[in-house]
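Have a look at the structure below before the remarks.
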Amino acid sequence: MVSRSLRMVKIWWVLLRYGLYDLAFMVPGLRHLRFLKPILAIFNGHKKTPLPVRIRLALENLGPTFIKLGQALSTRYDLLDKEIVDELIKLQDQVPAFPSEIAINIIERSFDQKLDALFIEFETTPIAAASIAQVHGAKLPNGQEVVVKVVRPNIHKVIKRDIGLMQILAQMVERYYPDGKRLRPVEIVEEYARTILNELDLTIEAANGAQLRENFKGSKELYVPEIYLEYVRKNVLVMERISGVPVGDIAKLKELGVNIPLLAKRSVDIFFKQVFEHSFFHADMHPGNIFVDVTDPSDPTYIALDFGIIGTLNEDDQHYLASNFLAFFNRDYLKVAQLHVESGWVPPDTSVGDFEAVIRSLCEPIFNKPLKDISFGAFLLSLFQTARRFKMEMQPQLMLLQKTLFAIEGLGRELYPELDLWATAKPYLVEFVKEKRGPKALFKRYRREFPVWVEQLPDVMQNANLTLRQAVKGSLKVNLNHKEWDRLASIQREEGRRRIFGVIGAVFLLALLLKFEGFEEGQLLIPASMGVISLLFFYLSLRKRK
1 MVSRSLRMVK
11 IWWVLLRYGL
21 YDLAFMVPGL
31 RHLRFLKPIL
41 AIFNGHKKTP
51 LPVRIRLALE
61 NLGPTFIKLG
71 QALSTRYDLL
81 DKEIVDELIK
91 LQDQVPAFPS
101 EIAINIIERS
111 FDQKLDALFI
121 EFETTPIAAA
131 SIAQVHGAKL
141 PNGQEVVVKV
151 VRPNIHKVIK
161 RDIGLMQILA
171 QMVERYYPDG
181 KRLRPVEIVE
191 EYARTILNEL
201 DLTIEAANGA
211 QLRENFKGSK
221 ELYVPEIYLE
231 YVRKNVLVME
241 RISGVPVGDI
251 AKLKELGVNI
261 PLLAKRSVDI
271 FFKQVFEHSF
281 FHADMHPGNI
291 FVDVTDPSDP
301 TYIALDFGII
311 GTLNEDDQHY
321 LASNFLAFFN
331 RDYLKVAQLH
341 VESGWVPPDT
351 SVGDFEAVIR
361 SLCEPIFNKP
371 LKDISFGAFL
381 LSLFQTARRF
391 KMEMQPQLML
401 LQKTLFAIEG
411 LGRELYPELD
421 LWATAKPYLV
431 EFVKEKRGPK
441 ALFKRYRREF
451 PVWVEQLPDV
461 MQNANLTLRQ
471 AVKGSLKVNL
481 NHKEWDRLAS
491 IQREEGRRRI
501 FGVIGAVFLL
511 ALLLKFEGFE
521 EGQLLIPASM
531 GVISLLFFYL
541 SLRKRK
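See the structure below:
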């Protein structure tokens, strides 16, 4: 409790030091001291420093947890002014290393073995140190060179303490700050807490890395180092050691003769492949986590590190994104509005016409730019901001996607300003919509789900029969009006007929699926149509008459 109080005092002092008086005097007990603001401003050494810079400096001064929060906010153009977000991007997640003796002790306790039983070599000087963990070089008994990631000692306590204080501050901001409710600070802290607590568990990162490696197995676009799962614990992770050029060192890449246009294109390819083929994407692809294998400069390969933050999308999310992008570039704003309503992102009573008009006013100015200069990330951000006015509930996975898309676009265009993102992305979008929403996909879905329908049919019919018998006997206690009673009685009389038709429809559809399994895509129309008819017949056999 004492350390928490002292920490709160330090936070308050840092806010004063960097001239963030509105936040410092927001505490109810200190609000009456706001008259001191002009006096404090006279002696403030940062009074000429722009507000965005002061915010960044304050976060850096408050340490790892607040630096991580600032990094999480560095994608939230929907909440903060662009100048502030652009400054938060500069936050550096680098802190002094902790003693190697402590790292060795953590490793030995985690594996319950001495260090020399685990590694034949271990570099006591860290390769890198960040707020959550630091990395040492080592060599396994089989001679494989690896890196050992070790979580900082006591960092769990520090982060949980700071998160508790953040929650208190967030509640005060929401209640007392003029723009507090719009900023949604409580929601931001909750989302941030989930993310950073996951980063503290290296078993989660190891599982993410293993899946990402499997997804890009044999790829020339992205290489994911092997993670040695038998050497993974909650606070220790052992991974293949790689060498490459940091993607941010563009001068070095050019000096080595790397094919920059291809490298830029591959950054976009990697993103859209992860989103629309794998539905599993690296959501922390800032330059510090990305290297380039320049063994063959004409055919460069990305190398990804740090898999603590991973995003996933379900099929509906994927369809929403792909169809929105395609409709946007086709300038079909009515389709964009309809997609929001159909997907449930905005309330069903939303006026599609009003929504379309607002989207049109948003999108038309964008098309004044050359196609290659249009930003996917900016479009997505503007779309989310517009949809929020229509009570769209933002989903965490979409915010992760937006963050990653901004990072990929920035990386691609920094490497090669002439990169045409639309030309690179369009094949993925078109193929996804074709594969997931076309006749062939519909046919595959019916074939995949049909065994489940057949298996569940007897239980459904039995339960329906039991319910209806109870209803007819008067032993079913439900609140129904006379019209509903009449409809139930009618369904009971027709039960025999429906069961017969249901079985006929099920058998017919099963035979159809088995017979036409080998059809090619160009021959698919007839069996797909018959399959739909069969399914409709099956559905009508179970449908209650009005």
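Note that the sequence shown ends on residue 546 in the UniProt record's numbering; no numbers are left out. Backbone N, C-alpha and C fix where the C-beta goes; we use that ideal spot for every residue, glycine too. In this text the structure is predicted, and so the values were computed from the model without any measurement.
Simplified DSSP assignment, three categories, for residue i
| i | result |
| --- | --- |
| K391 | coil |
| D81 | coil |
| K220 | coil |
| K149 | strand |
| H278 | helix |
| F516 | Residue placement at F516 cannot be trusted, given a pLDDT of 49 that sits under 50; the coordinates are not used to answer. |
| R233 | strand |
| M285 | coil |
| K434 | helix |
| V358 | helix |
| R56 | helix |
| D22 | helix |
| D306 | coil |
| F119 | coil |
| V9 | helix |
| F329 | helix |
| E418 | coil |
| F406 | helix |
| Q144 | coil |
Under 7 Å between C-beta atoms of residue i and residue j
| i | j | result |
| --- | --- | --- |
| P300 | L256 | no |
| G137 | V147 | yes |
| I374 | I366 | yes |
| residue 567 | G209 | Because the chain is modelled from 1 through 546, residue 567 falls outside the range shown and cannot be assessed. |
| Y18 | R54 | yes |
| V14 | A58 | yes |
| I120 | K139 | yes |
| A407 | H286 | yes |
| V245 | V292 | yes |
| V224 | A304 | yes |
| L115 | I104 | yes |
Beta-carbon contacts of residue i that lie in its chain and below 7 Å, excluding the five residues immediately before and after
| i | result |
| --- | --- |
| N215 | H278 and F280 |
| V341 | P348, T350 and V352 |
| F329 | W422 |
| D269 | E221 and T424 |
| E83 | P52 |
| D284 | D306, G308 and I309 |
Own chain partners of residue i with C-beta closer than 8 Å, once the 5 adjacent residues on each side are dropped
| i | result |
| --- | --- |
| A129 | Q94, V95, P96, A97, F98 and V135 |
| L165 | R4, R7, M8 and I11 |
Inter-residue CB distance, residue i and residue j (contact presumed, cutoff 8 Å)
| i | j | result |
| --- | --- | --- |
| T65 | I163 | 7 Å |
| I290 | Y302 | 6 Å |
| Y320 | C363 | Their Cβ separation, rounded to whole angstroms, is 16 Å, which puts Y320 and C363 out of contact at 8 Å. |
| E111 | R241 | Residue identity differs from the one stated: residue 111 is Phe in this sequence, not Glu. That belief does not hold up - the Cβ atoms of F111 and R241 are roughly 19 Å apart, past 8 Å. |
| A170 | V186 | 5 Å |
| L88 | G70 | 5 Å |
| F390 | A322 | Actually they are not in contact, since the Cβ atoms of F390 and A322 sit about 21 Å apart, beyond 8 Å. |
| I106 | N235 | 6 Å |
| L415 | L263 | 6 Å |
| P153 | I196 | 17 Å between Cβ atoms; not a contact. |
6 Å Cβ shell around residue i - same chain, five flanking residues per side excluded
| i | result |
| --- | --- |
| G308 | E199 and E205 |
| S5 | none |
| K265 | T424 |
| A327 | K335 and V336 |
| I155 | none |
| Y428 | F272 and F276 |
| I411 | First, the residue type needs correcting, since residue 411 is Leu and not Ile in the sequence shown. Around L411: S267. |
| L419 | A264, G412 and R413 |
Cβ-based burial, residue i [other Cβ within 10 Å; buried from 16]
| i | result |
| --- | --- |
| R194 | exposed |
| A251 | exposed |
| Q402 | buried |
| N324 | buried |
| G143 | exposed |
| L466 | exposed |
| T124 | exposed |
| L229 | exposed |
| K68 | buried |
| V238 | buried |
| Q274 | buried |
| R175 | exposed |
| G522 | Low local confidence applies: a pLDDT of 49 at G522 is under 50, so the model's placement there is unreliable, and no value is given. |
| E409 | buried |
| D81 | exposed |
| S243 | exposed |
Any C-beta of chain B under 7 Å from that of residue i
| i | result |
| --- | --- |
| D296 | In the structure shown, chain B does not exist; there is a single protein chain. |
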